[in-house]
Amino acid sequence: MDQPSVDSTDSETPPFEGELVPLPYLSADEAVEGREDPFVLVVQNALEFCRWTVAEAPGLQWIQAENLLGEPEVWATAARKGNGVALDVIVSDPATEYSAIYRLVDLRVVRDVRVTIPVLPGFLKALRLAASIQVPVRLLPGTITSGNIAELKEAADYFLHDPSVEVPVEFFHSLFGFARGLNAPDLWIVTESDPDIFESPLASGGPRFVERHMETLDADEAECVKCRWRDFCRGYFKHPDPSFPCDGIKSVFSVIGDAADEMGRDLAGFGDGESPEGV
Ligand code: SF4
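Have a look at this one:
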């Protein structure tokens, strides 16, 4: 298909063409067919979805579909025809909506599809179902609580060790790359919340927001200064509350980091420590 995958999160190559200007996320009322400048379209109902999955708009990078998992007919329609534009399907409440992810099983054959799942109670069931039908996943950590640390660790273990997981599961995928010393995108990019790159509903704070946020945390000698995950996380969990305690999320990061370290040792045991596939 012509459109870039919504799973393209390499920090050196943002998932759109052109210069590093923030990628706008437009509503169906704001967007016009034929637009050539890059944009993401956010659709909120079946009418908007059906119109834009067949529309010609060269600049359309992907469609973010919200509040539509409960409408099976739109997924059946999109699986039969359309413009091939990639889809990012937003799961609002994973505990109640997870079974509806199965409706995407035919869709992924005709266009790139990703599901975005907030880390809320029950998210692991949604993650498992998406992975089982080979649909890439993006987890949105949001505000981590003590109640979902255990589920996140279980999800990390599933990502690392279940042989049925053959698709990227962000943010674990990029975190693993970072822990292996690769040039992985940071957490602000993975979550599309860096306002220098994305003009998305999750990006706020204006130019250089992430840099300014880190400068403030460093000046306050916050926990981030000596954190192993600093260059991947960049203070993500200290916003908006700089006093947020990170013990829990760092223990989740360590599940992935320990696996990356183990892989490094295993590869070193084979000789020069380099994976033939750059893993
Ligand atoms: S995990 Fe916490 S301490 Fe570490 S960089 Fe992120 S916000 Fe800072």
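One rule links them: number in my numbering = place in the sequence shown (from 1) + 694.
Think of the CB as a built atom: it goes at the ideal place given N, C-alpha and C, for glycine as much as any other residue.
DSSP state of residue i mapped onto helix, strand, coil
i, result
"E767", "helix"
"A953", "helix"
"E750", "coil"
"E648", "Here the chain comprises residues numbered 695 to 973, so residue 648 is not present and cannot be evaluated."
"F870", "helix"
"F926", "helix"
"L714", "coil"
"E886", "coil"
"E848", "helix"
"S937", "coil"
"K775", "coil"
"D856", "coil"
"L821", "helix"
"D800", "coil"
Identified DSSP bridge partners for residue i
i, result
"W756", "V734, A780"
"S721", "V736"
"T837", "None; T837 has no bridge partner."
"V809", "V783, V831"
"F931", "According to DSSP, which records beta bridges pairwise, F931 is partnered with nothing at all."
"V863", "V831"
"Y893", "Note that residue 893 corresponds to Glu in the displayed sequence, not to Tyr. According to DSSP, which records beta bridges pairwise, E893 is partnered with P718."
Straight-line gap, residue i to residue j (C-alpha atoms, nearest Å)
i, j, result
"A824", "R808", "9 Å"
"S887", "G899", "10 Å"
"P752", "S721", "17 Å"
"D941", "F872", "19 Å"
"A770", "S786", "20 Å"
"G778", "N877", "29 Å"
Residue environment, residue i, which counts as buried when at least 16 other CB atoms sit within 10 Å
i, result
"L869", "buried"
"D782", "buried"
"L814", "buried"
"E791", "buried"
"V714", "For clarity, residue 714 is Leu in the given sequence; the question names Val instead. By the neighbour-count rule (16 or more Cβ atoms within 10 Å), L714 is not buried but exposed."
Using 8 Å as the cut-off, can you tell me whether the region 955–962 makes contact with the region 924–942, which would need three or more C-beta pairs spanning the two stretches below that distance? Cβ pair count under 8 Å is below three, so no.
For the region 909–929 against the region 891–898, are there 3 or more C-beta pairs whose distance is under 8 Å? The region 909–929 vs the region 891–898: no contact.
Is the region 731–742 touching the region 760–775, taking contact as three or more C-beta pairs under 8 Å? Result yes; three or more Cβ-Cβ pairs closer than 8 Å.
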